[in-house]
Amino acid sequence: MKPLKTTNEFVIRFANVNGTGSWSANLLFARTAFRMGIPVSPKNIFPSNIQGLPTWYEIRVSEKGYLGQRSNDVDIMVAMNPQSMAADTKTVVSGGYLIYDNTKRLGSHLKRDDINYIGLPLTEMCLREYEDPKLRLLFKNIIYIGALAALTDLDFEVLKNLISDQFKGKERLIKPNIGALELGYNYAKEHFDCPLGIRVKATNKTDNKILIDGNSALALGALYGGASVVGWYPITPSTSVVDSFKKYAARLRTCETTGEKNYAVLQAEDELAAMGMVLGASWMGARAFTATSGPGVSLMSEFLGLSYFAEIPAVLFDIQRSGPSTGMPTRTQQSDIISCAYASHGDTKHVLLIPSRPKECFDMSADAFDLSDQLQTAIIVMSDLDLGMNDNVSEPLEWDDKREYKRGKVLSEDDLEKMTERFGRYLDKDGDGIGTRTLPGTHPSKGSFFTRGSSHNAYAAYTENSDDYVECMKRLERKWETAKTLVPKPEIKRKEDGATSGVIYYGTSDYATQEALDLLEQEGHSFDAMRLRAFPFNKDVEEFLAAHETLYVIEQNRDAQMRTLLMKECETDPAKLVPVLGYSGRPITAQEIREQIEDHLNIKKKKAA
Amino acid sequence: MKPLKTTNEFVIRFANVNGTGSWSANLLFARTAFRMGIPVSPKNIFPSNIQGLPTWYEIRVSEKGYLGQRSNDVDIMVAMNPQSMAADTKTVVSGGYLIYDNTKRLGSHLKRDDINYIGLPLTEMCLREYEDPKLRLLFKNIIYIGALAALTDLDFEVLKNLISDQFKGKERLIKPNIGALELGYNYAKEHFDCPLGIRVKATNKTDNKILIDGNSALALGALYGGASVVGWYPITPSTSVVDSFKKYAARLRTCETTGEKNYAVLQAEDELAAMGMVLGASWMGARAFTATSGPGVSLMSEFLGLSYFAEIPAVLFDIQRSGPSTGMPTRTQQSDIISCAYASHGDTKHVLLIPSRPKECFDMSADAFDLSDQLQTAIIVMSDLDLGMNDNVSEPLEWDDKREYKRGKVLSEDDLEKMTERFGRYLDKDGDGIGTRTLPGTHPSKGSFFTRGSSHNAYAAYTENSDDYVECMKRLERKWETAKTLVPKPEIKRKEDGATSGVIYYGTSDYATQEALDLLEQEGHSFDAMRLRAFPFNKDVEEFLAAHETLYVIEQNRDAQMRTLLMKECETDPAKLVPVLGYSGRPITAQEIREQIEDHLNIKKKKAA
Amino acid sequence: MSYINPQFRHPCSNTNEIGCTRKDYEGVISTLCAGCGHDSITAAVVQACFELSIKPHTVAKISGIGCSSKTPAYFLSQSHGFNSVHGRMPSIATGANLANRDMIYLGISGDGDTASIGIGQFVHIARRNLNMLYMVENNGCYGLTKGQDSATADVGSAAKGGIPNEFAPVDLVSMALDLGASFVARGFSGDKEQLVPLIKAGLSHKGFAFLDIISPCVTFNNTPGSTKSYAHMREHMEMTGKVDFVPEEAEIKVDYKPGEMTDITLHDGAHIRLNKLGDDYDPQNRRGALAAEEKAKEKGEILTGLLFVDPESHDLHDVLGTTTKHPLRNLDEKTLCPGAKALEAINETSR
Amino acid sequence: MSYINPQFRHPCSNTNEIGCTRKDYEGVISTLCAGCGHDSITAAVVQACFELSIKPHTVAKISGIGCSSKTPAYFLSQSHGFNSVHGRMPSIATGANLANRDMIYLGISGDGDTASIGIGQFVHIARRNLNMLYMVENNGCYGLTKGQDSATADVGSAAKGGIPNEFAPVDLVSMALDLGASFVARGFSGDKEQLVPLIKAGLSHKGFAFLDIISPCVTFNNTPGSTKSYAHMREHMEMTGKVDFVPEEAEIKVDYKPGEMTDITLHDGAHIRLNKLGDDYDPQNRRGALAAEEKAKEKGEILTGLLFVDPESHDLHDVLGTTTKHPLRNLDEKTLCPGAKALEAINETSR
Ligand SMILES: Cc1ncc(C[n+]2csc(CCOP(=O)(O)OP(=O)(O)O)c2C)c(N)n1
Ligand SMILES: Cc1ncc(C[n+]2csc(CCOP(=O)(O)OP(=O)(O)O)c2C)c(N)n1
Ligand code: SF4
Ligand code: SF4
Ligand SMILES: [Mg+2]
Ligand SMILES: [Mg+2]
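Residue numbers (our numbering), protein chains in the order written: chain A, 1067 to 1675; chain Y, 1067 to 1675; chain P, -17 to 333; chain Z, -17 to 333.
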């Protein structure tokens, strides 16, 4: 058996028990590699439960920057959970390593000839070192990280600095943690031939980058974008959007002298109320948002229709998880595309923004508030569990202090005072389908109007007149056309010689697609590529569609939902849109993409033959 | 000015004030013509309000059977509402008749040279004849119906019989009503040259037919289909489905000796609860339904997803009205197609049945319960205000006493007793994607299982295992394929020589499409035609799509929603699907259809040239 | 900036202190049925706002769906109005209030809108003590959908259909009391003399003011068998006391003997005066109010008037600690946006 | 057909009257946190059902979403269970019960599931007096989503986050009393002796039996500042009286002095016995129960035990007049379908 040899390209997975604090220890590994300059993509794979069930933490280390989920196999398995140990052992690649607690002897059913076993007497060490049973549990995780540092050649100084950073303010915790690290480090150094074949080597691929979860980036975007009212209801995996907003706002949006808050966050009784609060606040002129996941979107659907028809801004962060129904709440998916794009009865459609990285989460979040004010309608930012709850490598977040909020067409007191003609809330003066708003309380005698979800004429009066109604519906279509000019463009990469086939992808399929394209390229297949970043689709999307014979549409759902939107909204022949799908609840992998594309190429070839 | 001359082909409209009891009087006109053998399509055009606003009642009389809305113009206008009189006068076609109350002099602004005025001193007559102000109001309506009988040559005997039928049980009301009819009849005979150019002549075109509203037919279908539990929440235009069910069930489903009810109807607190009750009852093994309209569908969407994923039967009647949001609650539309087909987050899709006529309402309603039990999922019957709340000419309702309910795969106590293998709720033994259900309480030790909206394996156990999850999602797709073989086929009419173009339509666009096709035929354009009756689409639909170069898809919504489904589910090139749309809240007309098709033909011609 | 100059008000003048006429408080013409209780409530709102000299544009009118929820169109046409969706007025009001604590919030709902589909939002807005006046125009039925029983229909009460209701009614008043609402009252659309001061007090109260108004539906539920009919109300109405609302500036004109009157000072200096009738009623005792309501129900009486008020309660903004300087919606970009430097610091901690 | 023959039960036998062992009432192994109050409630359910000799398959277990709502998987594995969606258990239970009045309905919910998103359905199921036992495993927080305050958190109570709640709590017990629930009780997961008879009584009661069970969340809300902690409950728990549940057949063994005991006979002949402690408590007086609950809250006490029962109330089926012969879901086609002839008559009237 040849032990695996690889530098800066491997997957390590930690198997732990839920609720034992392993997450923060495992994160140390990821952050150390990151600080050493190697891109990492840590993923937390946790059950829908609070304590006692198996949980995994997986880090792909990739100097090449392949940060999508690789496959189910791992190179190093840190198997700390007896419950899942048998299954965990099976996932190690030939030549890979199994790191385990050898305080108790390894069961013979766990023995494989083709992998390397590294036993650490963790329980024993903890028993010896610590009195408090709680500490024993906690430090066990730290000890194996220390050992891994030796085994994989992590920079121990970096590791120690991380500890110091982490416990800033709680200095007395630094020493014992470093002590535990050293315990593991020294044990490994003494007992094994360190480092192993799989190792980390410092480089500069993360210079200037940051490591942050998408939900925090969304929250920061909202804070910078000027959101001041939040109504929300807890649901995995969206909860941390609001938690982060609260955390940052408490620090950055609170009056230092009075302690008064320049924002309001209210936990609603459910998602209907959360969205109602957002609409009420937006109607009143504040920037407001809520965050939810699939079940919440379903419940908000009546209100989303109101937003569309009464033309009230709103920002919704949908952190998608596996559906349908309750589905798999702690697994990822991109399966709310249709339910969000067409949420609610009647002829409705909604603007979607689709980030792939934390930086884009931040940008799109802030932009969503501008867009929502400009378009006077709900904007839904479509993230998912994979992006939202995992730390992702990202360009640093940027804010231009000269940037001004685009509040869209809102009349001020002065505007109204000067106005001589009759105010018509839904008059389309500019031909862009967008009327002019007034905010309640602006002027004592001008500009008041009635907002309603029932049909209304250009002056916001109730009507059952067919012509008025049709005019309103047509204007909303014009607004939709305007939206196309305002939403972010797709990211398009064309081959120099211009490929006849292309791939279309979006959101968290980004990394896996990049990697799949490289793999395919190596096999002589080259593709143009377009990453969608918004719905409705603008001209660039249409041109890309028109310019290719075959387009592989990569998505993380079963029903090829984005493909449907491309067909419908761009009048594209389905025959040229080939679905490439992964919906297992795990992020789609480059292999899955490559295989499906290859299968299709083979079929085409056969047909041609 | 030439007075219009037409027999059995005209439109008469009554303009009244809401809440004055005009509806039942106007219905007399329609029913008399119907009993005389001429097809009629009465339509009630009412405001979203209880009393005092303008309301119209329009009857198209058409021996040819053109029963769609003709246009906004009318041949006879019975203008009883001063508030709308100016507008009403304008809608009379040249040569048509305006019938009004000449107790007060007609304003000069209401004078047109090209129409005929028939003044009836209605208020005066009522003042003279009746003491009670309430009776004065009521009988005014009856008097003008009497006059119309003379003017349009309605069979007075038929009219009188109708009154007798209507007041069966309240005989003392018959005489005064007939008296009022005679009053009007005699006045008209005396003062006008009766009958006018527009008249009714007995024929046999309604032999064996009935006149019934779609909602009553749905209710009867549910009663016959064995529904025993109803949870509902009032909303126009669906309320009368449940009102009718209650009425018929009280008569036909109540124990004659004990008065005990063999059904339960419960007004829920909202639509979420209504759908919850349906799911609870179906899970327990009763047949259950609810009825709602767009806003209710939005609110039910989370539960519809549960039905899909946990595989629980449910029947929902969606009586569509104009959306989005509250929209126009008393106007018709077919705009919940997408929101119903894909209701809820995640990868979900739902079976739709789409009736065009009352008989089909009845049949599809009863069938929905079979289908729902067989497919173990929600079935949504898509009707609309036009079909649901208006009396429609229909084939008589039929029931085969030998028919047996198809309860699908449900294990009885005996089945379970005999069973030797382990029961697996979601095992796909037959390869049709459908597992076997058990009902709670069936057997003391076998067949119990846990129903859940979270992911589950074949044995209904909770799982977060990706393979189990994917297997389940794939099985649901197989079930979808099975659904295609069970839902009603489209109604296809092919030209003998086979046209290269076709029209596709559904629901209440039926009559207007028939008429439009005849008009187009007269101009030399001939089309094959397919009336969709269900979603998912089966092979016949696919073949029809494949067999034609151009297909006009006629629908009553803005966003061409069914066209989207055709593209997505049948992989049809959008280029060949031409949308033909009417979404004003009034039923689509033959003219609108013809014009849109002609416009398209002209463009094609120009392009070709 | 002030557009309407406060004027001296002559006792019989047609304008109020800010120079507005009653007309300035009206809206478009009602399309409700002739005789509908809701129209009387509309008139009472107009009068109350006129008498309080409220600047119309400082009021936000919010409602759900139903005949009752249409009424905001019929008063205060200079105010912004929001006729939202069925049963969700409370959440819209909450959001609006969070965005701008400086407006006056008037929520209008029906018994169907509040006690059925909207009961969840009602419960939660009450316990959060949102600063607003929440009025339910309570007719015991669904007017707009043609007369079905609502959840406030009393046991045994029969509407036009003739079938007596057998489900326990939702008593919004006792519910509001139980949930910590800081102002709870009941009025009757047919008694404007009592209703107007209740509306004035409710508008002036800081915190959640709940006003249940029995408002007969003449078309569907004004029958002899109905407990929400004009006749039934006139016969079974009980009062906690005669309510007077006295604005801050007004001198106290009438003298009461001690014990005849309870005087409650609201946060803005205005007074509510309860002139005692018969029994001693203490409107600042929540448990007492609950007990009185329960007792009245047992006797088949409908208790009206001011049932409870806590003039010192903490409203939602107090609890959240929202800035008192400006309404949130008025905050400028400088205040809202932490700026590039702070972001750079955050980047730094994420490395 | 009866599969399990009733057997004579020896006093110390491991089987009950129908020959089942305790194991027959268990479910799959719990995945909740060690020490979670909910697990104790599961054990109490097992014991109550065992002692009542309930046939497991005659029970329908229905829940919403949350840690609490997972528990139906942990007991009665021979029963059908339905873990539905968040906050909507009541409507599922209502539909099921309408379809089959002959089963025993056990609904399990959490305080988030019931008092927040589900409060609307709770209100309406209570007032309809649906025949079921509705248990809330009340920990004052959202366990499954990691410890946010729920609407039952008391003012001033602080969970793991440390921030005291300032919103008025939803008291489900007083709400249920106010809404006409016919059986209202409160238990504590840490007091099985009291809890088991309450569950037994609730299961036997015909009508809506509501049981609020304080059930500490050890992971997020068992802090010193929490009023839903084990410690706080042990210190502040008050009882209305000691509850005994005596099945129909059992002889009355213990003698009580007059006035020491209240004996209430349920519709099926079983008895609830309340052994008085201190004060006279009348569990058949709704107003008294409300007052006692209000008083206890004022004193910072948590009142437990049987608070109210009306053994004669009309349940939903009584009100609807549903057939008593068969459950609706068992009706055959002959009964359900009026047949071709009746339809022809309807056609005739439509001409
Ligand atoms: C989601 C939804 N469901 C149902 C309706 C239909 N609907 C309109 S008003 C109303 C009831 C109104 O009753 P209430 O609030 O008591 O007002 P009232 O008309 O009696 O004043 C209903 C059920 C709706 N508009 N939206
Ligand atoms: C529609 C919807 N919103 C939110 C959630 C997320 N969620 C799951 S459980 C839960 C709260 C559970 O709290 P509680 O009912 O008190 O149960 P506990 O876990 O405390 O026992 C929430 C908000 C969901 N599953 N569905
Ligand atoms: S139906 Fe009733 S509530 Fe509605 S307007 Fe008429 S009287 Fe008023
Ligand atoms: S989180 Fe709390 S409620 Fe959930 S299982 Fe753990 S202790 Fe119980
Ligand atoms: Mg009402
Ligand atoms: Mg809880």
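Built from N, CA and C at the ideal position, the CB exists for glycine as well.
Anticipated Cβ contact below 8 Å, residue i with residue j, distance rounded
i               : j               : result
A1330 (chain A) : L80 (chain P)   : 4 Å
S1391 (chain A) : G1297 (chain Y) : Not really, about 19 Å apart at Cβ, beyond 8 Å.
Extent of the continuous alpha helix (DSSP H) to which residue i belongs
i               : result
S1348 (chain Y) : 1337 to 1350
N1092 (chain Y) : 1088 to 1101
F149 (chain Z)  : Premise fails: F149 (chain Z) is in no alpha helix (DSSP H) and is neither H nor E.
Residue i (DSSP reduced to helix, strand or coil)
i               : result
C123 (chain P)  : strand
H218 (chain P)  : helix
Y1185 (chain A) : One detail in the question is off: residue 1185 (chain A) reads as Gly in this sequence, not Tyr. Three-state DSSP puts G1185 (chain A) in a strand.
R1423 (chain Y) : coil
R1599 (chain A) : coil
I1060 (chain Y) : There is no way to answer for residue 1060 (chain Y), as the model of chain Y reaches only from 1067 to 1675.
D1498 (chain Y) : coil
W1546 (chain Y) : helix
Within chain P, partners of residue i - CB distance below 8 Å
i               : result
A1339 (chain A) : R70, P72, S73, T76, G102, Q103, H106
Contact set between residue i and chain B, taken where Cβ atoms lie within less than 8 Å
i               : result
E1658 (chain A) : Among the chains of the structure shown, chain B does not appear; the protein chains present are A, Y, P and Z.
Cβ neighbour criterion (16 or more within 10 Å) applied to residue i
i               : result
G1212 (chain A) : buried
P1503 (chain Y) : Correcting the residue type first, residue 1503 (chain Y) is Arg in the shown sequence and not Pro. The residue is buried, with at least 16 neighbouring Cβ atoms inside 10 Å.
G358 (chain P)  : Within the shown structure, residues of chain P are numbered from -17 to 333, placing residue 358 (chain P) beyond reach of any answer.
N1147 (chain A) : buried
Contact set between residue i and chain Z, taken where Cβ atoms lie within less than 9 Å
i               : result
R1101 (chain Y) : R333
Where residue i meets chain P, residues with beta-carbon distance less than 7 Å
i               : result
R1518 (chain A) : N65
Contacts of residue i in chain Y (Cβ-Cβ under 7 Å)
i              : result
L115 (chain Z) : Within 7 Å Cβ-Cβ: nothing; L115 (chain Z) doesn't reach chain Y, min ~16 Å.
Listed by chain order, chain A residues near residue i by CB distance under 9 Å
i              : result
L180 (chain P) : Those do not exist, as L180 (chain P) stays about 24 Å from chain A at its closest Cβ, beyond 9 Å.
Endpoints, the beta strand (DSSP E) within which residue i is located
i               : result
F190 (chain Z)  : 190 to 196
G1297 (chain A) : 1293 to 1298
Cross-chain neighbours of residue i in chain A, by beta carbon under 7 Å
i               : result
L1372 (chain Y) : S1391
Chain Z residues whose Cβ lies nearer than 7 Å to that of residue i
i               : result
D1336 (chain A) : G69, S98, I99
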